[in-house]
Amino acid sequence: MTKYIFITGGVVSSLGKGIASASIGKLLESKGLKITIQKLDPYINVDPGTMNPFQHGEVYVTDDGAETDLDLGHYERFTSIVTGKDNNVTTGKIYNSVITKERRGDYLGGTVQVVPHITNEIKDSIKRVGRGKGIDVVICEIGGTVGDIESLPFLEAIRQLRLEKGRGNVLNIHLTLVPYIRAAGELKTKPTQHSVQKLREIGIQADLLLCRTEKSLSKKLKEKIALFCNVDEDAVFEAKDVKDIYEVPLMLKQQGLDKKIVKLLGLHCRDKGLKDWVEKVIKPALNPSKHTTIAVVGKYIELQDAYKSIYEALRHGGIANNASVDIKKVESENLEKYGAEKLLGGVDGILVPGGFGTRGIEGKVRAVRFARENNIPFFGICLGMQCATIEFARNVCGLDRANSTEFDKNTPHPAISLLEEQRRVTQMGGTMRLGKFPCRIRKNTKTYEAYKKPLVYERHRHRYEFNSKYQDAMAKCGLIVTGVFPKARLVEIVELQGHPWFIGCQFHPEFKSKPDSCQPLFREFVRASIESGSKGGKRQ
Ligand code: GLN
Numbered sequence: 097m098t099k100y101i102f103i104t105g106g107v108v109s110s111l112g113k114g115i116a117s118a119s120i121g122k123l124l125e126s127k128g129l130k131i132t133i134q135k136l137d138p139y140i141n142v143d144p145g146t147m148n149p150f151q152h153g154e155v156y157v158t159d160d161g162a163e164t165d166l167d168l169g170h171y172e173r174f175t176s177i178v179t180g181k182d183n184n185v186t187t188g189k190i191y192n193s194v195i196t197k198e199r200r201g202d203y204l205g206g207t208v209q210v211v212p213h214i215t216n217e218i219k220d221s222i223k224r225v226g227r228g229k230g231i232d233v234v235i236c237e238i239g240g241t242v243g244d245i246e247s248l249p250f251l252e253a254i255r256q257l258r259l260e261k262g263r264g265n266v267l268n269i270h271l272t273l274v275p276y277i278r279a280a281g282e283l284k285t286k287p288t289q290h291s292v293q294k295l296r297e298i299g300i301q302a303d304l305l306l307c308r309t310e311k312s313l314s315k316k317l318k319e320k321i322a323l324f325c326n327v328d329e330d331a332v333f334e335a336k337d338v339k340d341i342y343e344v345p346l347m348l349k350q351q352g353l354d355k356k357i358v359k360l361l362g363l364h365c366r367d368k369g370l371k372d373w374v375e376k377v378i379k380p381a382l383n384p385s386k387h388t389t390i391a392v393v394g395k396y397i398e399l400q401d402a403y404k405s406i407y408e409a410l411r412h413g414g415i416a417n418n419a420s421v422d423i424k425k426v427e428s429e430n431l432e433k434y435g436a437e438k439l440l441g442g443v444d445g446i447l448v449p450g451g452f453g454t455r456g457i458e459g460k461v462r463a464v465r466f467a468r469e470n471n472i473p474f475f476g477i478c479l480g481m482q483c484a485t486i487e488f489a490r491n492v493c494g495l496d497r498a499n500s501t502e503f504d505k506n507t508p509h510p511a512i513s514l515l516e517e518q519r520r521v522t523q524m525g526g527t528m529r530l531g532k533f534p535c536r537i538r539k540n541t542k543t544y545e546a547y548k549k550p551l552v553y554e555r556h557r558h559r560y561e562f563n564s565k566y567q568d569a570m571a572k573c574g575l576i577v578t579g580v581f582p583k584a585r586l587v588e589i590v591e592l593q594g595h596p597w598f599i600g601c602q603f604h605p606e607f608k609s610k611p612d613s614c615q616p617l618f619r620e621f622v623r624a625s626i627e628s629g630s631k632g633g634k635r636q
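Residue numbering for the sequence shown follows this note's numbering, beginning at 97 and increasing consecutively.
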């Protein structure tokens with residue numbers, strides 16, 4: 097029988113519920129249990145695919161082509177699960193489905209209401225994610241903060257689910273904040289008390305508390321929290337800030353969180369421990385012997401979360417190469433203002449990530465040129481690959497004003513153009529080329545050296561592509577195609593010959609990188625950057 101863990105958050109947002117959920121997943125997997133992790137998001141968009149990164153942060157793409165919340169990235173990086181469309185449910189998705197049923201006549205005669213129709217739909221989506229896959233535990237993270245109007249139906253649904261499944265089969269974990277008030281020199285428990293109280297008001301009793309804190313909680317303080325929040329004393333855990341997020345599972349295990357969960361849910365399992373994780377991830381992450389500086393030239397740079405998976409994948413590259421990776425975040429528009437040398441001079445590698453729309457494009461093109469001309473390792477991802485193609489077409493092949501038709505409909509040289517299948521698309525939501533596709537890799541290339549196999553699968557999210565009309569002209573000048581989607585012969589990877597490391601890919605390799613198994617292109621890009629830096633930074 098599948099058991100359920102619900103994770104709610106209180107007091108403030110951004111406490112790291114996603115990382116807490118992923119870490120609990122990791123702990124349960126280390127006990128040989130089969131898990132999945134789901135995120136419920138209270139907003140009305142059907143998925144975050146139509147949201148601006150400034151609003152939402154990164155959109156994480158799954159194998160099955162769902163555009164989802166970035167927390168699913170944490171779930172995949174910490175655990176072995178492969179998420180899909182059922183792992184992220186939004187209010188919009190729930191209402192969409194209920195309204196479709198209503199129009200079809202499924203509820204004929206009935207008034208369709210939040211309770212029971214919306215809450216039933218939510219419960220169904222929670223049960224669905226664990227169904228038929230032999231899942232022992234579904235970990236379900238509820239987005240938003242307790243007390244928000246928007247997440248109420250989700251909370252009501254999980255309250256009902258506990259009644260339905262029985263107490264021993266459902267666990268409520270509440271992530272909360274115990275702030276340190278400097279003026280008083282004290283940690284304060286009142287916000288936590290109120291948040292747990294707010295949960296109780298709607299009928300949910302927290303079983304375990306994870307208290308985010310800057311300082312350790314004393315035994316006395318834990319007792320106080322337990323008393324006022326109506327939980328066992330050994331159910332108050334501290335989640336202190338750690339140096340590296342990958343330490344969180346270990347920190348929670350050291351306090352016995354895994355044991356407590358197993359006991360409360362009556363799970364039968366065997367502990368394999370976190371030895372592998374410590375050896376392969378934590379130790380190398382905390383004790384790097386080399387160093388490299390990599391610039392990420394993006395257009396949503398001031399937002400921490402917009403390139404989450406890219407930043408993580410670069411760190412994985414560091415772990416794989418025993419190096420610390422210093423990420424220099426460069427706003428591409430600033431390159432247009434101040435020039436490349438000023439902002440990129442001295443970096444060991446340059447990465448241009450994905451994106452949409454005209455703003456900042458010329459800055460990205462300049463970054464590519466700077467990397468190409470100065471022999472600095474370059475990695476272009478999706479839009480970054482498209483910018484590399486545009487730059488090469490313009491400045492090496494002499495195709496004046498070459499561009500993507502996304503940015504200039506009348507360009508004389510559409511080096512990047514709309515995918516054929518996109519020409520008929522009129523709706524914006526969920527209609528890009530999305531999800532996992534195969535890619536055939538050309539031998540005797542740096543791309544092949546990274547992957548070491550002829551066929552790979554990567555995740556996509558785009559509408560435009562390399563225009564194969566220009567393939568020969570580009571190849572003659574040195575930019576060769578090293579990866580193609582076999583069925584439609586779409587160009588998926590390009591590589592510049594005679595450059596230390598210059599690769600652009602149409603897909604998003606960052607979504608498949610993990611701390612203990614870095615995605616190969618990231619691993620090699622970081623390796624090349626370290627090497628370039630060790631040559632003294634000044635390029636020949
Ligand atoms: N805007 C480009 C396209 O739609 C690139 C997309 C991306 O970087 N994810 O093809």
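Cβ coordinates follow ideal geometry from the N, Cα and C atoms, glycine included.
- Near the ligand GLN, residues with a Cβ at less than 5 Å from any of the ligand's heavy atoms are Gly450, Phe452, Cys478, Leu479, Arg557, His558, Arg559 and Tyr560; the list follows chain order.
- A distance below 7 Å between beta-carbons, with the five flanking residues on each side excluded, links Lys261 to the following residues of its chain, in chain order: Tyr100.
- In the structure shown, Cys307 falls within a strand segment according to DSSP collapsed to helix, strand and coil.
- At the C-beta level, Val590 and Val577 come within 8 Å of one another.
- In the DSSP assignment, Pro534 is bridged to Tyr553.
- Using a C-beta cut-off of 8 Å, the region 304 to 314 makes contact with the region 267 to 275, since at least three inter-stretch Cβ pairs fall below that distance.
- Judged by DSSP in its simplified three-state form, Cys483 adopts helix.
- Here Leu124 is buried. Its C-beta has 16 or more other C-beta atoms within 10 Å.
- Every beta strand (DSSP E) of 3 residues or more that sits fully in the region 449 to 518 is shown, in chain order, as 474 to 477 and 510 to 514.
- Membership of Phe324 in the alpha helix (DSSP H) is indicated by the continuous run Lys315 to Cys325.
- Around the C-beta of Gln615, 16 or more other C-beta atoms lie within 10 Å, and the residue is accordingly described as buried.
- Counting only runs of at least 4 residues, the region 161 to 190 fully encloses the following alpha helix (DSSP H) elements, listed from N- to C-terminal order: 167 to 174.
- Inclusion of Gly451 and Asp143 in the CB contact set at 8 Å is not warranted, their separation being larger than that value.
- Sixteen is the threshold: since fewer than 16 other Cβ atoms of the shown chains lie within 10 Å of the Cβ of Met97, the residue is exposed.
- As for any alpha helix (DSSP H) of minimum length 4 sitting wholly inside the region 235 to 264, the runs are 248 to 261, ordered along the chain.
- Here DSSP, grouped into helix, strand and coil, assigns Lys424 to strand.
- Excluding five sequence positions before and after Phe150, the CB atoms of its chain that fall closer than 7 Å to its own CB belong to Tyr396 and Leu399, given in chain order.
- Per DSSP, Asn430 has no beta bridge partner at all.
- For the pair Ser500 and Gly459, the CB atoms are not nearer than the 8 Å cut-off.
- Under a 10 Å Cβ-count criterion, Gly121 is classified as buried, with 16 or more other Cβ atoms of the shown protein chains found around its own Cβ.
- Shown here, Arg227 sits in coil according to DSSP, grouped into three states, outside any helix or strand.
- A distance below 6 Å between beta-carbons, with the five flanking residues on each side excluded, links Gly453 to no residue of its chain.
- Beyond the five residues adjoining it in sequence on each side, Asn491 comes within less than 7 Å, by CB distance, of Arg465 in the same chain, given in chain order.
- Unbroken alpha helix (DSSP H) runs of no fewer than 4 residues, entirely contained in the region 125 to 162, are found at 149 to 152, following chain order.
- With fewer than 16 neighbouring CB atoms inside 10 Å of its own CB, Gly281 falls in the exposed class.
- In this chain, Ala584 is not harboured by any alpha helix (DSSP H), its DSSP state being neither H nor E.
- For Leu399, no alpha helix (DSSP H) segment is defined, and its DSSP state is neither H nor E.
- Take Ile406, set aside five residues on each side of it, and the residues of its chain with a beta-carbon closer than 6 Å to its own are Pro449 and Glu606, in chain order.
- For the 8 Å CB-CB criterion, Ala463 and Leu431 form a contact.
- Residue pairing by DSSP places His604 in no beta bridge whatsoever.
- Judged by DSSP in its simplified three-state form, Tyr276 adopts strand.
- Closest in alpha carbon position to His364, among Phe621, Lys130 and Gln602, is Lys130.
- For a cut-off of 8 Å, the C-beta gap from Arg538 to Tyr544 is around 6 Å, short enough to register as a contact.
- Secondary structure note for Ile390: it is in no alpha helix (DSSP H), and the uninterrupted beta strand (DSSP E) holding it is Lys386 to Gly394.
- Bounds of the alpha helix (DSSP H) holding Gly629 are Pro616 to Ser630.
- Judged by beta-carbon spacing, Ser312 lies within the 8 Å limit of Lys336, meaning their Cβ atoms are closer than that value.
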